[in-house]
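First comes the structure, then the notes that go with it.
In the numbering used here, the protein residues as written are 141 to 993.
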C-alpha cells in the first residue's frame with residue numbers, strides 16, 4: 141500500500157483518480173505546524189532553536205495520515221514544488237517521526253508542476269529525498285520574519301501607542317507607499333505650453349507637426365512657460381517660410397512578452413481584470429488544482445507560484461502547432477522563443493504560468509466568471525509569447541524655417557503586420573499603445589505651409605500613487621520579498637489600517653506614516669531597500685547551499701538586537717521630536733504668510749508637536765493643559781477640534797444642531813440633547829467618509845444603540861450598536877460583531893439570537909482531542925485549550941509539557957501529570973474563592989474606617 145500526501149483535498153481527489161486503487165491520497169490542508177504566536181518560539185540564545193506547534197485541526201489530519209502510514213510500505217510526500225511545499229513535506233516528516241509510525245516505511249518526495257495524469261505519473265517515477273537546502277531557506281526566512289515582528293512590534297507598542305505591528309517586508313512596502321505620498325505633497329505643478337501646426341506640402345493632405353525649435357533654441361518639455369511665449373511661437377510659425385528638410389521611414393518591430401510569472405500575472409490581472417492580488421491567486425489556485433471537464437477533474441494551468449519565464453519544450457511544440465492551426469504559418473516564427481528573467485533574485489526553478497494543454501481554448505471551457513477571465517488571460521499571454529513580432533513603419537518628417545531658427549517635426553506609425561498583437565496586448569484592452577497615425581507622402585526639399593496653429597496649456601503632474609500592480613512591480617524590481625508573499629503583505633497593510641484604498645490606489649494613513657517615520661529614524665537599516673533585497677540574496681544562497689542558514693541568522697541578530705536595545709533607552713520626547721522633524725512637510729506645511737507653521741493657532745504662544753494617545757498620534761499644543769488645542773495629523777487648522785465644527789442641520793425632534801467634527805481620533809458626530817449635561821457623540825463607522833455624511837445618516841448613528849427585541853430565553857433586551865471594535869449586537873455581557881453598520885439598523889430578533897448563539901458557541905467549552913478512558917469511574921481526556929493541550933480529569937486541568945505530542949499521551953502518563961498537578965494544588969477554583977473572600981473583609985474594614993474618620 142502507498143500513501144501519498146498533498147496539500148489540498150481537491151488535489152487529493154484528482155490525483156487519487158490518476159494513481160488508482162493501490163494508492164491512498166490524503167490532504168495535509170497546507171501547513172500542519174507553525175511557530176506559536178508568542179515570545180520565545182525562536183530562541184537566539186539557543187542557536188535559534190524553534191518551537192513548532194500543531195493546532196487542533198491539524199492534529200486530526202496528522203493522526204489520519206499516521207494511521208494510514210502504519211499499514212503502508214511507502215509514503216510519498218507530494219506537496220507543492222516550491223520552498224513552502226518543501227517545508228510542508230519536512231514538517232509532515234517531523235510530525236510522523238515523533239509518532240514513531242515510519243519504521244520500515246520508505247519515504248519519498250515528488251514534485252510536479254501541473255496536475256495532469258502525465259505530469260503526476262512522470263513525477264512518481266522520479267522520486268527524490270527532501271531538499272534540506274530549500275527547507276533551511278524556509279526556516280531562515282520564517283525565523284527572520286518572526287524575530288523582526290516579535291522584537292520590533294513591542295518597541296512600537298511602547299514608543300508609539302496605536303501602532304499595530306512591523307514586519308521585515310511589510311515595513312519596506314509601507315515605506316515605498318509613504319515615500320511616494322511625500323513626493324506628491326512636495327510636488328509643485330509647473331505651467332508649460334505646447335505649440336503644434338497643421339501643415340500641407342503641395343497637394344498633400346494636412347498633417348500635424350510639433351514645434352521643436354524656436355528662436356534658435358531646441359525646446360524641452362518646460363521651455364515654453366506662458367501664454368505670451370506660446371502665442372509668439374504660433375505667430376512665428378505662420379510668418380515663417382517653411383520647407384521639408386528630411387523625410388525618414390524606418391521599419392520597426394515589437395516583440396511579445398514572456399508568459400506570466402506570479403508577479404506579472406498579479407500586475408496584469410489588476411490592469412485588465414480589476415482583480416486584487418488575493419483574488420488573482422485564489423482564482424489561479426482553483427485553475428491549478430483542477431476543474432471538472434467531461435466528468436474528470438483536470439488541472440488547467442501549471443503551478444502559479446513561480447518566477448520562471450520559460451516553458452517546457454513539449455509545451456512550446458504544442459503551442460506552435462496551435463498558432464499555425466489557428467492563425468496561419470505567418471504568425472509562427474521560424475524558431476521558438478526562449479526567455480530569461482531580468483528580475484533581481486529570480487530563481488527560475490519552475491516553468492512560467494501556462495495552460496497545461498494549449499488545445500483547451502478559453503471559449504471551449506465552461507468556467508465560472510473569474511476562472512474564465514483569468515484562464516483566458518493566461519492562455520492568450522502564453523500563446524502570444526511564441527508568436528511572430530508585430531512590424532511597423534515609423535515615419536519622421538522634419539520641417540525648418542528658411543533662417544533655421546524655427547523647426548517642427550511630425551511623427552507617424554503604421555502597422556504593417558499585427559503578429560502577436562492580433563491576440564494579446566499588455567495593459568488594458570481599450571489602450572492602443574501604437575496608434576496608427578499615417579503621414580502623407582511628401583518630398584524632401586518641398587515647401588510647406590502652416591494652415592492652422594495650436595497653442596495648448598499644460599501643467600506638470602505629480603507622480604501617481606501606487607496601485608497593487610505598480611507596487612508589486614516596484615517590489616519585484618527592488619528584489620524585496622517573494623512574489624508568492626506579495627498578496628498577504630498588501631493585505632496586512634490594509635488590515636492594520638496603515639493604508640487605505642481610494643480608486644484602487646494606496647494612500648498611507650497617518651498611523652502608517654508615523655510608523656514609517658519612526659523606523660526610518662531609529663531602524664533605518666531595516667527599512668532600506670538595498671538591505672532588505674540583500675537579505676533576499678542571502679536567503680537564495682541558503683537555498684542553493686552556498687550559505688549556512690544559522691550563520692545568516694547569527695549575523696542578522698547580532699546587529700538587530702543591539703539596535704533594539706539602544707532604542708529602549710530613548711525617551712519619548714526624543715522620539716517625538718524626531719517624528720516632528722521627519723513628518724514636518726506633512727504635518728507642518730509652510731504658510732503663505734511665512735509665519736511659523738508650528739505656532740499654536742489657538743493661544744498663539746505654544747508650539748504644535750506630535751502627541752501620542754491610546755488610539756494613535758495627533759497634534760497638540762506645548763502649553764497643555766492651559767491650551768487644549770488639538771488636531772489630527774495632516775489636517776489643516778480648520779480641522780482642529782476648536783475650530784473644525786461643521787453643522788449638518790437641526791434634529792427635528794429636539795431642535796438641537798447636529799455637528800460633524802474632527803477630533804483627535806478622527807471625524808465624529810455630536811449633538812447636545814435637552815436636559816443632558818454631556819453631548820452625545822458617535823464616531824463614523826468603517827467605510828463612511830466625511831463627504832458622505834448627511835443629516836439623515838448622522839441622526840441614524842446618533843440614535844444608536846437601538847433595541848432589537850427581548851431575548852426568548854430570559855426576556856432581557858438585545859441591543860444593536862456601534863462600538864470601539866465596530867458594529868455589534870449585545871445581550872447582557874455577551875457581544876457579537878456584525879459584518880457592517882447597515883446590519884445594525886436592519887437586524888431582526890431571529891438573526892440577532894442566531895449571531896449571539898454562534899458567538900457563545902465559539903467561546904464554549906474546550907474541544908476534546910482524545911479520550912483516554914476512565915480512572916476510578918471518571919473520564920480522562922486530552923483537551924484543546926487556549927494556551928495549548930492539557931489533561932482534563934474531574935476538576936483538575938494538568939498542562940501537557942511543551943514539545944510533547946498530545947496524541948502520544950496514554951492513560952498512565954496522563955494520570956502522572958494529574959497527580960503532579962494535584963500535589964501542587966490542582967483545585968485552584970476553591971482556593972481562589974477563599975482568598976478572594978479573605979481579601980474582601982479587610983477592604984470593607986478599611987472603607988468603614990475611612991468613613992468613620
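All residues carry an ideal CB built from backbone N, CA and C; glycine is no exception.
Who are the Cβ neighbours of residue i in its own chain at under 6 Å, not counting the five residues just before and after it?
i, result
"residue 143", "164, 208, 209, 212, 215"
"residue 806", "none"
"residue 615", "621"
"residue 738", "728, 747, 748"
"residue 531", "393, 556, 557"
How is the alpha helix (DSSP H) around residue i delimited, first residue to last?
i, result
"residue 629", "626-635"
"residue 158", "149-159"
"residue 680", "669-684"
"residue 720", "712-722"
"residue 699", "689-708"
"residue 299", "272-299"
"residue 510", "509-524"
"residue 886", "881-886"
"residue 369", "367-379"
For the beta strand (DSSP E) that residue i lies in, which residues bound it at each end?
i, result
"residue 828", "Where residue 828 is concerned, there is no enclosing beta strand (DSSP E), given that its DSSP letter is neither H nor E."
"residue 656", "Segment 650-662 is the alpha helix (DSSP H) holding residue 656; no beta strand (DSSP E) there."
"residue 877", "874-877"
"residue 481", "No beta strand (DSSP E) holds residue 481; DSSP gives it neither H nor E."
"residue 453", "Unbroken run through residue 453 is the alpha helix (DSSP H), 453-467; no beta strand (DSSP E)."
"residue 821", "820-823"
Cα separation between residue i and residue j?
i, j, result
"residue 222", "residue 168", "16 Å"
"residue 371", "residue 640", "44 Å"
"residue 724", "residue 619", "30 Å"
"residue 589", "residue 558", "35 Å"
"residue 160", "residue 432", "18 Å"
"residue 270", "residue 697", "28 Å"
"residue 675", "residue 811", "54 Å"
"residue 573", "residue 613", "Residue placement at residue 573 is poorly supported in this model, since its pLDDT is 47, which falls under 50; the coordinates still yield a value, given next. The alpha-carbon atoms of residue 573 and residue 613 are separated by roughly 20 Å."
"residue 324", "residue 643", "16 Å"
"residue 580", "residue 346", "8 Å"
"residue 174", "residue 194", "7 Å"
"residue 328", "residue 771", "25 Å"
"residue 186", "residue 650", "39 Å"
"residue 521", "residue 441", "13 Å"
"residue 957", "residue 288", "36 Å"
Once DSSP output is grouped into helix, strand and coil, what is the label at residue i?
i, result
"residue 339", "strand"
"residue 1072", "Shown here, the chain extends from 141 to 993; a query on residue 1072 therefore has no answer."
"residue 350", "strand"
"residue 813", "coil"
"residue 759", "strand"
"residue 912", "strand"
"residue 425", "helix"
"residue 197", "helix"
"residue 942", "coil"
"residue 418", "helix"
"residue 491", "coil"
"residue 787", "strand"
"residue 578", "coil"
"residue 230", "helix"
"residue 177", "coil"
"residue 326", "helix"
"residue 541", "strand"
Please return the same chain residues whose Cβ sits closer than 8 Å to the Cβ of residue i, not counting the five positions on each side in sequence.
i, result
"residue 712", "299, 752"
"residue 499", "458, 462"
"residue 314", "633, 638, 639, 648, 652, 655, 656"
"residue 740", "746, 747, 748, 761, 762, 763, 767, 769"
By Cβ distance below 7 Å, which residues in the same chain neighbour residue i in space, the five residues on each side in sequence not counted?
i, result
"residue 703", "663"
"residue 603", "320, 323, 324"
"residue 179", "290"
"residue 426", "511"
"residue 259", "252, 253"
"residue 669", "312, 618, 620"
Looking at the ligand SAH, does it come within less than 7 Å of residue i, judged from the CB to the closest heavy atom?
i, result
"residue 424", "By its list of ligands, the structure shown contains no ligand whatsoever, and the ligand SAH lies outside what it can speak to."
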